[in-house]
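>
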Amino acid sequence: MNRVPSGLPSTRSGSPAGDRAGLPDPLRAVFATLGEARRRRMPVAEVAGERAAQAERAEQQLSRRQLLGTAGALAAASVPAGMLAPSRAAAATAPRVVVVGAGLAGLRCAHQLWNRAKPVAATVYEADTTHLGGRCWSLRGFFEGGQVSEHGGSFISSTDKAVLNLANSLGLQREYANGGELDTGDYAGWVNDSLYNGSQQQDDWIATAFDAFSASYRAIGTPRYDNYTAEARRLDQLSCLDYLAEIGLPANSRLGQLIQALQLQTGGEPGQSSALNMIGFLGGSSIFAGGRGFDEKYHLVGGNDQLVTGMVGQLPAGAVKQGYELIALARNGDGSYTCTFDHCGSTVSVPADHVVLALPFSTLRKVDLSRAQLSPLKLTAIREQGMGQNAKLVTQLTRKTWPALGYNGISNTGPLGYQTAWDGSVQLGEAGAPALLVNFPGGDGARDRLTGAAHGPAPAADVNAFLAQIEHVHPGTTAAYNGRAYEDHWSLDPWHLGAYHYYKVGQYTAFAGYEAVQEGRIHFAGEHTDVDNATLNAALVSGARTAAEITAQL
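Heads up: the sequence shown runs through residues 19 to 572, numbered per the numbering used here.
Take a look at the structure:
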């Protein structure tokens, strides 16, 4: 998992040196700077840069002539040349930080840089002109009763400290979501034309699959491109379907069908996804699908994208620019970068000292990176990392039909059905009305069988197909449908081309974990840079990480 660097260099300067009567101001500044550098064991130029920045912000009466005099006096004082290295000498100049992508990751990077002790103003460039926040985007004003749904990320786990801490700092309130599951009732399933409920799923899991999954889970460790066991390497070369065949679980059995549907929640087809995906998701617990390591307990009252508006509201005016599509990135001879954008049909070049690429690899791979001087491994990850094809179809009902039937709101089919559905209004309880029912397909079913636009009211054909299937497990749902349904078809969204990342066959041991690695002064942020967590929290953490990387290099 990604780690947010800690122990950043102190940004506080030491106390000033004592006055030396009769010395000119520039020379007095020289002695003060030298003394402070000795005490702090830092390069003189770095301390001088800190002092200049502090003086400017405090509006002290240190003129440009005095600053130039200080620099000249330092040179005359025969300071060793190594202490005035160009990279440190430039520290007094504000770095040009360009962030590409105004999703949670990019905005968090800019937000962290601006709110540090020594603020750094980054400029965030976003291609999408419809909204900020990327896949953190709330749907308001569509459903009756003022109900809010999410185009993208819905759930926040109790372990998602980055999201929870930011929400608290912005004064946002949480509501109970529980991953779309009411506190009482069983899981529902309709597989191979018969009911297949939670107790049956659990019995089959223990009898036919758990021992094999558990043994594989223990054998794979935490596979990464630079650290993996021999068994992890072997299993990474198998697809999910290959693995089911290896352990003797027929893919067309009821449990085999259900496991494929759960795998599709990652967005990749079972025949294309690394077996390590499925083993990691299921193999850690004897309770079927119970060892996920997250609880998806919360949603933010009023919509999760208040995280976005809250951060943007704390950035300086003009920090976020919409309508800028990155088309090329090049490294210059002096180590700086040129970002080339398409803006309303015109080409715009923007210089940068640090570049944060906070857009999905699914769209980054369309950018000309031939002159960015990225490593072959990084380019492979950008070009090949899987992007899930999940979609959402949210229907509004006059009542919840599942509690009276003994179900908790979560239901599944095999991969050719609607796959997964959950209660989108858990916070209202069993009797809450109106209610939201969320269908969440992935893979080819999401990409090819849904017929709607990227984002908009759901076509009647898609709604009717879903309702016809869910009647098997929640009879009466069609009658309870009030005519309101919305569809988010993320495969068609031009700025994402999918929902969130996953790993195809062979990719864990090929490059998983390298997505987040900085190269040159190019930094990488987004949920796709976190191997194990394709979540809102992962995006925020990655943004904070890149801000820390930049801070450490100023």
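The beta carbon of each residue, even a glycine, is placed where N, CA and C say it ideally should be.
(1) For LEU131, is the classification buried or exposed, using 16 other Cβ atoms within 10 angstroms of its Cβ as the cut-off for buried?
(2) Note the first and the last residue of the continuous beta strand (DSSP E) segment covering HIS317.
(3) With a threshold of 7 Å on Cβ separation, who are the neighbours of VAL166 within its own chain once the five nearest residues in sequence on each side are excluded?
(4) Among the candidates ASN133, GLU314, ALA471 and ASP480, whose CA atom is the shortest distance from the CA of ARG192?
(5) Using the C-alpha atoms, what's the distance from GLN403 back to PHE379?
(6) Let me confirm a value: ALA307 is counted as buried when at least 16 other C-beta atoms fall within 10 Å, else exposed. Which label applies?
(7) Does the stretch 549-569 touch the stretch 354-367, meaning 3 or more C-beta pairs lie closer than 8 Å?
(8) Please list the segments of the alpha helix (DSSP H) lying wholly inside the stretch 326-408, counting only runs of 4 or more residues, in order along the chain.
(9) Can you give the beta carbon distance from ARG539 to GLY353, rounded, assuming they're within the 8 Å contact cut?
(10) In terms of alpha-carbon separation, which member of ALA483, GLU448, THR438 and VAL491 lies closest to GLN283?
(11) Mind the definition here: the stretch 469-480 touches the stretch 494-508 only if three or more C-beta pairs lie below 8 Å; say whether that holds.
(12) Alpha carbon to alpha carbon, how far is GLY474 from VAL481? Give it in angstroms, no decimals.
(13) ASP441 bridges to which residues according to DSSP?
(14) Which residue comes first and which comes last in the beta strand (DSSP E) that contains ALA542?
(15) What would DSSP say about THR226, mapped onto helix, strand or coil?
(16) Suppose you measure from the CA of TRP223 to the CA of TYR194; what does that come to, to the nearest Å?
(17) Would a C-beta distance cut-off of 7 Å place LEU267 and ASN430 closer than the cut-off?
(18) Considering only the alpha carbon of each residue, which of GLY442, TYR526 and THR547 lies closest to GLY171?
(19) When the Cα atoms are used, what is the spatial distance from SER291 to TYR235?
(20) For ALA570, count neighbouring C-beta atoms within 10 Å of its own C-beta (all shown protein chains included) and say buried if the count is 16 or more, exposed if not.
(21) How would you label ILE305, buried or exposed, when you count the other beta carbons within 10 angstroms and need 16 or more for buried?
(22) Tell me which same chain residues have a C-beta within less than 7 Å of the C-beta of GLU162, skipping the five on either side of it?
(23) Please report the Cβ distance between PHE529 and LEU395, rounded to the nearest whole angstrom; I am assuming they are in contact, meaning their Cβ atoms lie under 8 Å.
(24) Kindly list the residues whose CB is nearer than 7 Å to the CB of ALA279, restricted to its own chain and excluding five residues on each side of it in sequence; keep chain order.
(25) Could you tell me whether the stretch 375-389 touches the stretch 333-346, using the rule of 3 or more Cβ pairs below 8 Å?
(26) I'd like to check one pair, GLU199 with ILE428: are the Cβ atoms closer than 7 Å?
(27) Assuming contact is defined by CB atoms lying nearer than 7 Å, are ARG241 and THR527 in contact in what I supplied?
(28) Assign PRO493 to one of three DSSP states: helix, strand, or coil.
(29) CB-CB under 8 Å to GLN487, same chain, minus the five flanking residues each way: which ones, in chain order?
(30) Note down the Cα distance separating GLY461 from LYS339, rounded to an integer number of angstroms.
(31) Going by CA-CA distance only, name the one from GLY450, THR419 and LYS179 that's closest to ALA498.
(32) List the whole-angstrom C-beta distance separating GLN255 from GLY524, where the pair is believed to meet the contact cut-off of C-beta under 8 Å.
(33) At the level of alpha carbons, what is the spacing between THR141 and GLY124?
(34) Do you know how far the Cα of THR416 is from the Cα of LEU7?
(35) Here's the rule: buried if 16 or more other CB atoms are within 10 angstroms of the residue's CB, otherwise exposed. What is ASP371?
The structure says:
(1) The residue you call residue 131 lines up with position 113 of the sequence shown. Classification of LEU131: buried, given that the 10 Å Cβ count is 16 or more.
(2) Position 299 of the sequence shown holds residue 317. Where HIS317 is concerned, the enclosing beta strand (DSSP E) stretches over 316-318.
(3) Counted from its first residue, the sequence shown places residue 166 at position 148. Result list for VAL166: SER156, LEU157, ARG158, GLY320 and GLY321, in chain order.
(4) Position 174 of the sequence shown holds residue 192. Comparing Cα positions, the closest option is GLU314.
(5) Along the sequence shown, read from residue 1 onward, the residue named residue 379 stands at position 361. Along the sequence shown, read from residue 1 onward, the residue named residue 403 stands at position 385. The straight-line gap from Cα to Cα measures roughly 7 Å.
(6) The residue you call residue 307 lines up with position 289 of the sequence shown. It counts as buried.
(7) no
(8) 379-382 and 394-402
(9) In the sequence shown, residue 539 corresponds to position 521, counting from 1. In the sequence shown, residue 353 corresponds to position 335, counting from 1. Indeed they touch by this definition, with Cβ atoms about 7 Å apart.
(10) As a position in the sequence shown, residue 283 is number 265, starting the count at 1. The shortest C-alpha separation from GLN283 is found at THR438.
(11) yes
(12) By 1-based counting over the sequence shown, the position of residue 481 is 463. By 1-based counting over the sequence shown, the position of residue 474 is 456. If I take the Cα positions, the gap works out to 13 Å.
(13) Residue 441 sits at position 423 when you count from the first residue of the sequence shown. For ASP441, which the question treats as bridged, DSSP gives the partners LEU455.
(14) The sequence position of residue 542 within the sequence shown is 524, counting from 1. Correcting the residue identity first, residue 542 is Phe in this sequence and not Ala. That run of the beta strand (DSSP E) goes 540-542.
(15) In the sequence shown, the residue the question calls residue 226 occupies position 208. Helix, per DSSP.
(16) Working through the sequence shown from its first residue, we reach residue 223 at position 205. Working through the sequence shown from its first residue, we reach residue 194 at position 176. C-alpha separation (whole angstroms): 29 Å.
(17) The sequence position of residue 267 within the sequence shown is 249, counting from 1. The sequence position of residue 430 within the sequence shown is 412, counting from 1. For LEU267 and ASN430, no; Cβs fall outside 7 Å.
(18) The residue given as residue 171 occupies position 153 in the sequence shown. Among GLY442, TYR526 and THR547, the Cα nearest to that of GLY171 is on GLY442.
(19) The count along the sequence shown starts at 1 and reaches residue 291 at position 273. The count along the sequence shown starts at 1 and reaches residue 235 at position 217. Going by the C-alpha atoms only, they are around 16 Å apart.
(20) Position 552 of the sequence shown, counted from the first residue, corresponds to residue 570. Result: exposed.
(21) What you label residue 305 is simply residue 287 of the sequence shown in a count that begins at 1. ILE305 comes out exposed.
(22) The count along the sequence shown starts at 1 and reaches residue 162 at position 144. Closer than 7 Å at Cβ, skipping near neighbours: GLN414, PRO452, ASN500 and ARG502.
(23) The count along the sequence shown starts at 1 and reaches residue 529 at position 511. The count along the sequence shown starts at 1 and reaches residue 395 at position 377. Yes, PHE529 and LEU395 are in contact; Cβ-Cβ is about 6 Å, under 8 Å.
(24) By 1-based counting over the sequence shown, the position of residue 279 is 261. So the list reads ASN430, THR431, GLY432, PRO433, GLN437 and THR438, once near-sequence residues are dropped.
(25) yes
(26) In the sequence shown, residue 428 corresponds to position 410, counting from 1. In the sequence shown, residue 199 corresponds to position 181, counting from 1. In contact: ILE428 and GLU199 (Cβ atoms closer than 7 Å).
(27) Taking the first residue of the sequence shown as position 1, residue 241 is located at position 223. Taking the first residue of the sequence shown as position 1, residue 527 is located at position 509. Position check: residue 241 holds Pro in this sequence, whereas Arg was assumed. Against a cut-off of 7 Å, the Cβ pair of THR527 and PRO241 comes out as a contact.
(28) One-based indexing of the sequence shown puts residue 493 at position 475. Coil, per DSSP.
(29) To locate residue 487, count along the sequence shown from 1; it is residue 469. Answer for GLN487: TRP208, THR431, GLY435 and TYR436, listed in chain order.
(30) Numbered from its first residue, the sequence shown carries residue 461 at position 443. Numbered from its first residue, the sequence shown carries residue 339 at position 321. Approximately 33 Å, taken between the alpha carbons.
(31) Reading the sequence shown from its first residue, position 480 is the one you call residue 498. Nearest option by C-alpha distance: THR419.
(32) To locate residue 255, count along the sequence shown from 1; it is residue 237. To locate residue 524, count along the sequence shown from 1; it is residue 506. Contact flag correct, Cβ pair sits at about 6 Å.
(33) Position 123 of the sequence shown, counted from the start, is the residue given in the question as residue 141. Position 106 of the sequence shown, counted from the start, is the residue given in the question as residue 124. Their backbone Cα atoms lie some 10 Å apart in a straight line.
(34) Nothing can be reported for residue 7, as the shown portion of the chain is limited to 19 through 572.
(35) Reading the sequence shown from its first residue, position 353 is the one you call residue 371. That one is buried.
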